[in-house]
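Peer 1: Following this message is one structure expressed as structure tokens.
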Amino acid sequence: MAYSHSVLRNARSGSVKWTLRVALDRDTYHAGDILQANVFLYVVEPVHCNGFTGFIRGEETITWTEKSTRRAVGAEVYSQKNEFLNDKMIVANPRMHGPGEYIFPVVYQLHSTLPATFQLNCHSVGVMNSVHVQLGYVFHVCLNANEGVVVEALQEIILQEAVLPTRPLMGLEVAPAPALVVQPDLVSQDNVPYLLASLDKPAFRSAETVRVRCRVNSRSGGDESFVAILRLYEDINITVGPSKRSECSRLVCKRRFQVAAGAAPFELALGLAAGSDGEPSLERTFCSSFVERRHHLAVECFPPGSTTDLAIVIL
Numbered sequence: 133m134a135y136s137h138s139v140l141r142n143a144r145s146g147s148v149k150w151t152l153r154v155a156l157d158r159d160t161y162h163a164g165d166i167l168q169a170n171v172f173l174y175v176v177e178p179v180h181c182n183g184f185t186g187f188i189r190g191e192e193t194i195t196w197t198e199k200s201t202r203r204a205v206g207a208e209v210y211s212q213k214n215e216f217l218n219d220k221m222i223v224a225n226p227r228m229h230g231p232g233e234y235i236f237p238v239v240y241q242l243h244s245t246l247p248a249t250f251q252l253n254c255h256s257v258g259v260m261n262s263v264h265v266q267l268g269y270v271f272h273v274c275l276n277a278n279e280g281v282v283v284e285a286l287q288e289i290i291l292q293e294a295v296l297p298t299r300p301l302m303g304l305e306v307a308p309a310p311a312l313v314v315q316p317d318l319v320s321q322d323n324v325p326y327l328l329a330s331l332d333k334p335a336f337r338s339a340e341t342v343r344v345r346c347r348v349n350s351r352s353g354g355d356e357s358f359v360a361i362l363r364l365y366e367d368i369n370i371t372v373g374p375s376k377r378s379e380c381s382r383l384v385c386k387r388r389f390q391v392a393a394g395a396a397p398f399e400l401a402l403g404l405a406a407g408s409d410g411e412p413s414l415e416r417t418f419c420s421s422f423v424e425r426r427h428h429l430a431v432e433c434f435p436p437g438s439t440t441d442l443a444i445v446i447l
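Residue numbers for the sequence shown follow this note's numbering, beginning at 133 and rising by one.
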């Protein structure tokens with residue numbers, strides 16, 4: 133069990149008066165799970181509990197710096213916060229507690245639409261520098277004791293991404309695999325180069341292989357072979373206000389292919405390598421209050437020099 137505790141000491145003697153501790157039944161959870169916890173109260177000096185409440189809170193915070201327009205200041209620090217969950221519960225009714233240890237069980241069902249815990253650190257996103265975004269949860273227990281004294285304990289709750297994709301905070305959905313992507317108004321014209329491309333499925337995990345079905349028509353014709361390139365990009369958009377939006381894109385991986393001549397469809401494969409000990413080397417696609425992280429695959433063939441983009445979801 134993961135736990136946190138708070139100790140209140142006697143101001144004169146320094147001895148412990150009360151200890152408050154929270155213990156969870158598991159280290160990690162998924163959205164929709166049943167959370168079971170025990171709240172432990174250890175009493176040395178008698179305490180009258182006027183109120184014993186608990187809160188399940190979910191919060192996303194973002195901090196960043198921007199170059200200041202004032203000469204005396206090198207950079208200014210900004211921050212915003214969004215509390216999207218604040219559920220209150222009664223841990224115990226008011227009463228007097230004599231010396232001893234008391235255990236108060238708590239059962240709570242996590243909402244099925246809650247996003248997973250995450251952290252994001254970016255050196256630069258547009259004009260925003262040193263960007264840090266964190267989304268997390270806590271179980272906060274408050275005991276209102278004698279003479280207005282408040283004893284508190286906080287316990288972090290870690291939510292992991294579900295095995296099957298769920299609807300995150302702002303409703304990111306996995307759409308069906310896209311149909312053939314075509315450069316506009318080109319396919320129907322004779323002797324005009326075009327590129328058709330489609331994915332074998334819309335969503336992938338690290339260590340899986342992305343397969344792209346392609347068909348190319350080159351005006352050059354003949355038996356000339358050509359080069360195909362796959363580039364996977366991570367696109368990050370940060371929105372902290374109606375008129376405050378920054379974005380950046382980075383190349384995650386790239387692969388070059390030599391394709392034999394012929395008009396028949398062909399397939400390109402790009403492996404999504406896993407990190408050390410099987411950990412994902414790619415960050416998942418998600419959307420939250422402040423951050424949108426998406427991925428796209430750029431497919432390029434030359435000749436004829438055609439390029440198209442395919443949206444891809446990383447789970």
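No residue lacks a Cβ here, since even glycine has one placed at the ideal position from N, Cα and C.
Apply the 10 Å Cβ neighbour rule to V448 and answer buried if 16 or more other Cβ atoms are within range, or exposed otherwise.
Peer 2: This structure cannot speak to residue 448, because the chain is shown only from 133 to 447.
Peer 1: Who does F187 pair with in a DSSP beta bridge?
Peer 2: K220, H272
Peer 1: Can you have a look at S186 and say buried or exposed, based on whether 16 or more other CB atoms are within 10 angstroms of its CB?
Peer 2: One point to set straight first is that residue 186 is Gly, not Ser, in the sequence displayed. Buried is the call here.
Peer 1: Do you know offhand how far L296's Cα is from N225's?
Peer 2: Here the model assigns L296 a pLDDT of 49, short of 50, so the residue's position is not dependable, and the following value carries that caveat. Cα to Cα, L296 sits roughly 40 angstroms from N225.
Peer 1: Identify every residue that forms a DSSP beta bridge with K386.
Peer 2: R363
Peer 1: Figure out for me which residue from S420, L429, V445 has the closest Cα to the Cα of G268.
Peer 2: S420
Peer 1: Report the rounded CA-to-CA distance for L304 versus I446, giving the unit in angstroms.
Peer 2: Its pLDDT being 40, under 50, L304 is placed unreliably by the model, and the measurement read from it follows with that caveat. A direct Cα-Cα distance of roughly 12 angstroms separates L304 from I446.
Peer 1: For N278, which three-state DSSP category applies?
Peer 2: helix
Peer 1: Report the CB separation of A360 from C346 in whole angstroms; it is logged as a contact under 8 angstroms.
Peer 2: About 7 angstroms separates the two Cβ atoms, so the contact holds.
Peer 1: Give every residue of the same chain whose Cβ lies closer than 7 angstroms to the Cβ of G230, excluding the five residues on either side of it in the sequence, and list them in chain order.
Peer 2: Cβ within range, chain order: V175, P178.
Peer 1: What's the call for V209, buried or exposed, on a 16-neighbour Cβ count within 10 Å?
Peer 2: exposed
Peer 1: Contact between the region 213-228 and the region 368-384 is defined here as three or more beta-carbon pairs at a separation below 8 angstroms; is this criterion met?
Peer 2: no
Peer 1: Round the Cβ separation of V270 and A285 to the nearest angstrom and send it over; I've been treating them as touching at under 8 angstroms.
Peer 2: The Cβ separation is near 10 angstroms, so there is no contact.
Peer 1: Among residues of its own chain, excluding the 5 on either side of S387, which ones have a beta-carbon nearer than 6 angstroms to its beta-carbon?
Peer 2: Residue 387 is actually Arg in this sequence, not Ser. Closer than 6 angstroms at Cβ, skipping near neighbours: L362, L402.
Peer 1: Ordered along the chain, which non-local residues of its own chain (more than five positions away) have a Cβ less than 7 angstroms from that of V314?
Peer 2: Any reading at V314 must be qualified, since the residue scores a pLDDT of 42, below 50, and its modelled position is unreliable; the value itself is stated next. Excluding five sequence positions before and after V314, the CB atoms of its chain that fall closer than 7 angstroms to its own CB belong to Y326, L328, given in chain order.
Peer 1: Helix, strand or coil: which one does DSSP assign to S96?
Peer 2: What the structure shows of the chain is the stretch from 133 to 447, and residue 96 is not part of that stretch, so it cannot be assessed.
Peer 1: Between K425 and F434, which are expected to be in contact by the criterion C-beta below 8 angstroms, what is the C-beta distance as a whole number of angstroms?
Peer 2: First, the amino acid is wrong: residue 425 is Arg here, not Lys. Not really, about 30 angstroms apart at Cβ, beyond 8 angstroms.
Peer 1: For P435, which three-state DSSP category applies?
Peer 2: coil
Peer 1: So, with DSSP's three-state summary, where would you put P237?
Peer 2: In this structure, P237 counts as strand in the three-state DSSP scheme.
Peer 1: Give the DSSP-derived three-state secondary structure of H243 in the structure shown.
Peer 2: Coil at H243, not helix or strand.
Peer 1: Where does S375 fall in DSSP's three states?
Peer 2: coil
Peer 1: Would you mind reading off the limits of the beta strand (DSSP E) that contains A169?
Peer 2: DSSP places A169 in the uninterrupted beta strand (DSSP E) bounded by 166-175.
Peer 1: Taking the beta carbon of H243 as the centre, do at least 16 other beta carbons fall within 10 Å, making it buried, or is it exposed?
Peer 2: Label assigned to H243: exposed.
Peer 1: When you compare only the Cα positions, how much space is there between L312 and H255?
Peer 2: Reliability fails at L312, whose pLDDT of 40 lies under 50, so the model's placement of it is uncertain and the value that follows must be treated cautiously. Distance between the alpha carbons of L312 and H255: 36 angstroms.
Peer 1: Could you name the residues of the same chain whose beta carbon sits closer than 8 angstroms to that of Y365, not counting the 5 residues immediately before and after it, in chain order?
Peer 2: S381, R382, L383, V384, H427, H428, L429, A430
Peer 1: Alpha carbon to alpha carbon, how far is D159 from A294?
Peer 2: 15 angstroms
Peer 1: From this set, E432, F389, I370, which residue's C-alpha is nearest M260's C-alpha?
Peer 2: I370
Peer 1: In three-state DSSP terms, what is G232?
Peer 2: strand
Peer 1: Mapping DSSP to helix, strand and coil, what is I290?
Peer 2: Of the three classes helix, strand and coil, the one that applies to I290 here is coil, per DSSP.
Peer 1: Let me check one thing: in DSSP terms, what residues is H162 bridge-paired to?
Peer 2: DSSP lists no partner for H162.
Peer 1: Kindly list the residues whose CB is nearer than 6 angstroms to the CB of N214, restricted to its own chain and excluding five residues on each side of it in sequence; keep chain order.
Peer 2: Cβ neighbours of N214 beyond the five flanking positions: E192, S421.
Peer 1: According to DSSP, is F422 helix, strand or coil?
Peer 2: coil
Peer 1: Quick check: is the beta carbon of K213 nearer than 8 angstroms to any beta carbon in chain D?
Peer 2: Among the protein chains of the structure shown there is no chain D, as only one such chain exists.
Peer 1: Does DSSP put V259 in a helix, in a strand, or in coil?
Peer 2: coil
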